[in-house]
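The listed protein sequences derive, respectively, from chains P and U. Residues 1 to 299 in the UniProt record's numbering are what the first sequence spells out, letter by letter. Residues 1 to 331 in the UniProt record's numbering are what the second sequence spells out, letter by letter. Note that beta-carbon positions come from the ideal geometry of N, C-alpha and C, so glycine has one too. On a predicted model such as this, the values are computed, not experimentally measured, just so you know.
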Amino acid sequence: MSLIISAIGQGLLWAVIGVGLYLTFRILDFPDMTVEGTFPMGAATAVTAIAHGYSPIIATIMAFLVGCLAGLVTGLLYTKAKIPVLLAGILVMTASYSIDLRIMGKPNQSLLGLPTLLNGHFFQSLPPYFDSVALGLIIIVIVTIVLVYFLQTDLGQAFIATGDNENMAESLGINTDNMKIMGVSVSNGLIALGGALVAQNNGYSDVNMGIGIIVVALASIIIGEVVFGDLTMVQRLIAVTIGSIIYRLVLLLVLQLGFNATDLNLISSVLLAIFMGVPALEKKFHLKHVLKRGLKNHD
Amino acid sequence: MKRLYSVIIVLFLILAFGYYKEKQPVKISRDHIPQIGILQLTEHPALDAIHHGIIQGLKESGFQPGKNIKIDFQNAENDQSNLKTMSTKFANENVDLSIGIATPSAQVLANTVKNRPLVLGAITDPKSAGLVNSNQKPGRNTTGVSDLPPMKQQLDLIKQIMPNMKTLGVIYTSSDDSATSQYKKFTEICKQEGIKVKGYSIANTNDLNQVATQMVQNVDAVYVPNDNTVASAIQTLVAVANKRNVPIFPTASNVVKNGGIATYGLNQFKLGVETGKVTAKIIHGENASEMPIQTLKHGDLALNLNQARKLGIHIPQPLIQKAERQGVIYK
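Next up, the structure:
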């Protein structure tokens, strides 16, 4: 039971990263590689700030702001310097490695014995594993509400329009460059926030912790979409969070079944490929249709 | 849409049920055989050797896995989120003791499996990793074996072979916590001995060629800490250094074999065996927080005479005799 609770807690914390990537990957419709750099950067910033005596709340906010800054650089490189977005992201991701080392002063910084967001009186009074569930729930609810509110403002609508159809948005007088810069900044701020939360939950930050983050974030988006189908924008944001939890539960199942850990990366990729491929295959082979007909014939 | 809301409701029901269950006090029966959780960061020859050593050390202390001890071995394959899931699994299984191989695994374990002894397998500097209060008196129910190489002994060896050496270059990977802290410690030791050290760091193996080319122009010899990244590209370093006849003094014997000159090398398997013995002591009831972190003071001498001949370096006869008696010579 506690394993399931822990998986849900982790799913909620990682959902922040999924929601962050959703802004660029789905709304703006471009792949942002910066996330593999901003995730450890958020972790490094928060952990170092805590180690220097800042309160965990301030440290977490600092992580968000640093992430925004890194995203801003990617956005500027992409819109102003006209560097292709994939490359701009990779450039910032690569640079973040050196920056993380400078921030922490060493490759690995521990939080043991230091206060974290999870040390609060409220979190400590909860049964085991519910601390991360509660923290994840609080943060993801706040993030979702703020984003939903924002997406309904004029600015938010302009942001969505930019992703939907750039030419049309421009003809309506929307500064699409600014929209993209804003989107990448906020997205990376959220991913750094996620890094800060995960680091506090794990008890350390490590300069290598960004490897593979984009797969995890994509997993929550895609699982959410495939499982729940057509949804409104607000529901989609919620579906990302549920997708992140489902991903964790499936991984837990795989681990519990006793699969060799060597195969874990392969298994996660296969899982993702299945989730991404099923809708297309279903369409192609009319699976639903065939199934229904098969049942009918059986009657 | 309906599906979304029903899944959310199901999740909350699970949470509510879990909340109710976790509130109940846990009953632990004490008559079971000791259970140990081993968490390894990733698959790697050195880490694997430690893992096998631990099993061997436990066997030597009378614990047969599967018979009078149960071992749950998990390998996170370098994925930081796996570390947490696997540690939670240990906590959930109520393991009597957990062993972390490599720093991040130990850090997650310390943060997840609380109130149970934690044994550190091959963590270079537990104090700076924040795992213990001090390496002499760890506290926090944590102890273990450090893979800090016998640097003083290694430096003496370098001085013996290179009596006229003025500047020593050290090359290490900046993202490797263990290698970085070895570089810092080694610099201190050299300072006491009056030897000038120049540090060169790389981000990954692709940097090695260029950084090494620059390094060999400025130094008389090269010291390579226990660094997985440099070790995996040692051929590149050897090729660059050979062009300028600069000898390489690594910390691991297998690197000597691949083009280093000499070292007092740490044996990872032996480290694992020691870790296994420490673990056995704790199962027998010793207090982990009172046991100092162990280091191996002496390594095994390894010489590469072929390489020395190539670079025109004379290795003193007593050393060769010593290596012949107890150590390895590559000819």
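Cβ-based burial, residue i [other Cβ within 10 Å; buried from 16]
i, result
"P:H121", "exposed"
"U:Y264", "buried"
"P:P56", "buried"
"P:M1", "exposed"
"P:L190", "buried"
"U:E77", "buried"
"P:M93", "buried"
"U:N111", "buried"
"U:E286", "exposed"
"P:N165", "exposed"
"P:R236", "buried"
"P:M168", "exposed"
"U:Q74", "buried"
"U:Y223", "buried"
"P:G277", "exposed"
"P:A180", "Checking the sequence, you will find Lys at residue 180 of chain P rather than Ala. That one is buried."
"P:D299", "Residue confidence is low: P:D299 scores 49 on pLDDT, short of 50, so the model does not pin down where it sits. Its coordinate-derived value is still stated next. With fewer than 16 Cβ atoms within 10 Å of its Cβ, P:D299 is classed as exposed."
"U:N226", "buried"
"U:A239", "exposed"
"P:V16", "buried"
"P:I27", "buried"
"P:Y204", "buried"
Rounded straight-line distance, which links the Cα of residue j to that of residue i
i, j, result
"U:T213", "P:G212", "32 Å"
"U:A49", "U:Q317", "33 Å"
"residue 333 of chain U", "U:D147", "Any answer about residue 333 of chain U is impossible in this case: the structure gives chain U only from 1 up to 331."
"U:E193", "U:P150", "15 Å"
"P:I61", "U:I55", "45 Å"
"P:I160", "P:L151", "8 Å"
"U:T85", "U:F63", "27 Å"
"P:L281", "U:T88", "37 Å"
"P:L249", "U:P34", "29 Å"
"U:P292", "U:K137", "5 Å"
"U:E290", "U:G139", "7 Å"
"U:V10", "P:L137", "15 Å"
"P:N208", "U:E43", "15 Å"
"P:L147", "U:V95", "42 Å"
"P:L253", "U:I38", "20 Å"
"P:P128", "U:M215", "52 Å"
"U:Y19", "U:K198", "57 Å"
"U:L296", "U:L4", "57 Å"
"P:G75", "P:Y97", "19 Å"
"P:L255", "U:L83", "12 Å"
"P:V240", "P:L272", "14 Å"
"residue 333 of chain U", "U:T275", "Summary: the structure shown does not reach residue 333 of chain U, with chain U confined to residues 1 through 331, and so no result is reported for it."
"U:A280", "P:N202", "27 Å"
"P:D275", "U:I189", "Per the sequence presented here, residue 275 of chain P reads as Phe, with Asp not at that position. Each residue's Cα considered, the two are about 56 Å apart."
"P:G113", "U:P163", "46 Å"
Chain C within 7 Å of residue i, Cβ atoms only
i, result
"U:G144", "Protein chains in the displayed structure are P and U, and chain C is not among them."
For residue j and residue i, believed in contact at Cβ under 8 Å, the rounded distance
i, j, result
"U:D176", "P:P107", "6 Å"
"U:G272", "U:G53", "2 Å"
"U:P126", "U:V132", "5 Å"
"U:I101", "U:A129", "Wrong, their Cβ atoms sit about 13 Å apart, outside the cutoff."
"U:T251", "U:Q154", "7 Å"
"P:V133", "U:L15", "6 Å"
"P:G42", "P:A196", "5 Å"
Under 8 Å, CB to CB, which of the residues in the region 65–95 of chain U have a partner in chain P? Q74, N75, A76, E77, N78, D79, Q80, S81, N82, L83, K84, T85, M86, T88, K89, A91, N92
Could you give the uninterrupted runs of the alpha helix (DSSP H) lying entirely in the region 202–268 of chain P, keeping only those of 4 residues or more? 213–228, 233–256
Return the chain-ordered ranges of every beta strand (DSSP E) run that is complete within the region 112–146 of chain P and spans a minimum of 3 residues. none
Taking beta-carbon pairs under 9 Å, can you tell me which members of the region 52–72 of chain P lie near chain U? none
Curious, which full-length alpha helix (DSSP H) runs of at least 4 residues does the region 139–191 of chain U contain? Segments of the alpha helix (DSSP H) lying fully in the region 139–191 of chain U: 151–161.
Between the region 217–243 of chain U and chain P, which residues of the former have CB atoms less than 9 Å from a CB of the latter, in chain order? Cβ contacts with chain P come from no residue of the region 217–243 of chain U.
Residues, ordered as in the chain, of the region 147–178 of chain P that lie near chain U by beta-carbon distance below 9 Å: none
Short-range partners of chain P found in the region 100–112 of chain U, where Cβ spacing is below 7 Å: T103, P104, Q107, V108, A110, N111: these are the residues of the region 100–112 of chain U whose beta carbon lies less than 7 Å from some beta carbon of chain P, given in chain order.
Interface positions of the region 199–218 of chain U facing chain P (Cβ-Cβ less than 8 Å), listed along the chain: A203
Quick check for students: name the residue ranges of the alpha helix (DSSP H) that lie wholly in the region 18–99 of chain P, counting only runs of 4 or more. 35–51, 56–79
Which residue spans inside the region 257–299 of chain U form an unbroken alpha helix (DSSP H) run of at least 4? 268–283
Segments of 4+ residues assigned as alpha helix (DSSP H) that fall wholly inside the region 150–203 of chain P: DSSP runs (the alpha helix (DSSP H)) wholly in the region 150–203 of chain P: 154–164, 166–171, 176–202.
Residues in the region 167–184 of chain U with C-beta within 7 Å of chain P's C-beta atoms, listed in sequence order? S174, S175, D176, D177, T180
Within the region 53–96 of chain U, note down every full alpha helix (DSSP H) run reaching 4 residues or more, in order along the chain. 80–92
Positions along the region 110–136 of chain U whose CB lies within less than 7 Å of some CB in chain P: Residues of the region 110–136 of chain U whose Cβ lies closer than 7 Å to any Cβ of chain P, in chain order: A110, N111, A129, G130, L131.
Interface positions of the region 278–297 of chain U facing chain P (Cβ-Cβ less than 8 Å), listed along the chain: Here the close residues number zero.
Would you mind listing the beta strand (DSSP E) stretches within the region 212–264 of chain U that are 3+ residues and don't spill past its ends, in chain order? Counting only runs of 3 or more, we get 221–224, 248–250.
Looking at chain U, which residues of the region 192–217 of chain P have a Cβ within less than 8 Å of any of its Cβ atoms? V198, N201, N202, G203, Y204, D206, V207, N208, M209, I211, G212, V216
Give the residues from the region 1–23 of chain U that approach chain P closer than 7 Å (Cβ to any Cβ), ordered along the chain. Contacts with chain P (Cβ-Cβ distance below 7 Å) from the region 1–23 of chain U involve M1, R3, L4, V7, I8, L11, I14, L15, G18, Y19, K21, E22, K23, listed in chain order.
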